[in-house]
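Trainee:
Numbering (the UniProt record's numbering), first residue to last: 1 to 361.
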């Protein structure tokens, strides 16, 4: 198509064409012309592109390699594969593969609307120099964590920083809006102290976290619109385990799952603690996977559900050159197995479901 032909098209048709392009292709189109640059930055196109992405959420596979090293012995790269999560293809589209070669950074959470939040101790200390705080409070923090999410109301990405020192230094929670020219972290109040146990999970303007305090298991909810924190006690029978318990999405709601692989192998069932959509309360329930013991071999962990209602499991054993996924349809009681091609060398993998790429910049 000639450039002049495209210029003569109705604006509505142009937006439809742009909304169906992959984000990487759109990023390259910024340099095509002033018109493309202007239109891609337009909020209406960004909204249209996101609505198109919602029709086909993606599965993101994060791989961390520690075998090949830089001079300082740190991990050489983290790599992301993005595939259609309804029916993952074995080989990822090159447009949907991203490699992060900088070993100084760690990924704060899963990708949100196409954006990653990375952190390192050195960079965080640099950010602290902008904070209007008295010098005497600059003590060594024993814990520093970061949460990341998207405020649906203001259409802005936000980062929450949590810091704690010894028993004499109270917890601090600060929030930062990701936008040009922003340098201030705003302090927000937290109703009670806690120690993070799980990964964070962002769903519809809230960021969730599993935590404990004085042997009480807690669910921490950060509302990104009101910039407030809610802490809820979990049922006493459900225990959070450091390095084992994960936050996942179950039918659109956050859920905590501790040892699904072991429970599935022995009973064909596993327990979760899930937030009720109507009451907002967290309750324990048992999920049965019929036919697991007869049809499945190997150890798999529960990764969450997708809009089709299928449960997604990832094989815990790292295979050479691919990641094994298992889908279970509770309505049909059927299993489907998929392989995603990966680097031959990697040490750990993490699955992120229901990712909806966007072009918010």
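Built from N, CA and C at the ideal position, the CB exists for glycine as well.
Is it buried or exposed for residue 351, if we count other Cβ within 10 angstroms and need 16 for buried?
Mentor: Per the 10 Å Cβ criterion, buried.
Trainee: Would you call residue 163 buried or exposed, if buried means 16 or more other Cβ atoms sit within 10 Å of its Cβ?
Mentor: Flag for residue 163 reads buried.
Trainee: Compute the beta-carbon to beta-carbon distance between residue 280 and residue 353, rounded to the nearest angstrom, for a pair I have assumed lies under 8 Å.
Mentor: Their Cβ separation, rounded to whole angstroms, is 23 Å, which puts residue 280 and residue 353 out of contact at 8 Å.
Trainee: Taking 8 Å as the cut-off, decide whether the C-beta atoms of residue 249 and residue 109 are in contact.
Mentor: Contact flag unset, no.
Trainee: From the DSSP output, read off the bridge partner residues of residue 187.
Mentor: In the DSSP output, where bridge partners are listed per residue, residue 187 has 174.
Trainee: Do you know offhand how far residue 299's Cα is from residue 179's?
Mentor: Distance between the alpha carbons of residue 299 and residue 179: 43 Å.
Trainee: May I have the straight-line CA-CA distance separating residue 356 from residue 113, to the nearest angstrom?
Mentor: C-alpha separation (whole angstroms): 5 Å.
Trainee: Mapping the DSSP letters down to three states, classify residue 237 as helix, strand or coil.
Mentor: In the structure shown, residue 237 sits in coil (DSSP, three-state: anything other than H, G, I, E or B).
Trainee: Between residue 272 and residue 285, which are expected to be in contact by the criterion C-beta below 8 Å, what is the C-beta distance as a whole number of angstroms?
Mentor: Correct: roughly 6 Å between the Cβ atoms.
Trainee: Would you identify the three-state DSSP class for residue 264, choosing helix, strand or coil?
Mentor: In the structure shown, residue 264 sits in a helix (DSSP, three-state: H, G or I).
Trainee: Looking at the structure shown, is residue 350 part of a helix, part of a strand, or coil, going by DSSP?
Mentor: Of the three classes helix, strand and coil, the one that applies to residue 350 here is strand, per DSSP.
Trainee: Tell me whether residue 258 sits in a helix, a strand or coil according to DSSP, three-state version.
Mentor: Residue 258: coil per DSSP, three-state reduction.
Trainee: Where does residue 303 fall in DSSP's three states?
Mentor: Correct three-state label for residue 303: strand.
Trainee: Who does residue 285 pair with in a DSSP beta bridge?
Mentor: Answer is 272, bridged to residue 285.
Trainee: So what's residue 224 in DSSP terms, helix, strand or just coil?
Mentor: Three-state result, residue 224: coil.
Trainee: If you measure between the beta carbons of residue 310 and residue 324, is that distance less than 8 Å?
Mentor: Cβ atoms of residue 310 and residue 324: not closer than 8 Å.
Trainee: Note down the Cα distance separating residue 225 from residue 203, rounded to an integer number of angstroms.
Mentor: So the two alpha carbons sit approximately 13 Å from each other.
Trainee: Below 8 Å between beta carbons: does that hold for residue 340 and residue 322?
Mentor: Yes, the Cβ-Cβ distance between residue 340 and residue 322 is below 8 Å.
Trainee: Measure the Cβ-Cβ separation of residue 247 and residue 240 and say whether it is below 8 Å.
Mentor: The answer is no: Cβ separation not under 8 Å.
Trainee: Residue 219 and residue 195 - do their beta-carbons sit closer together than 8 Å?
Mentor: No. Outside cutoff.
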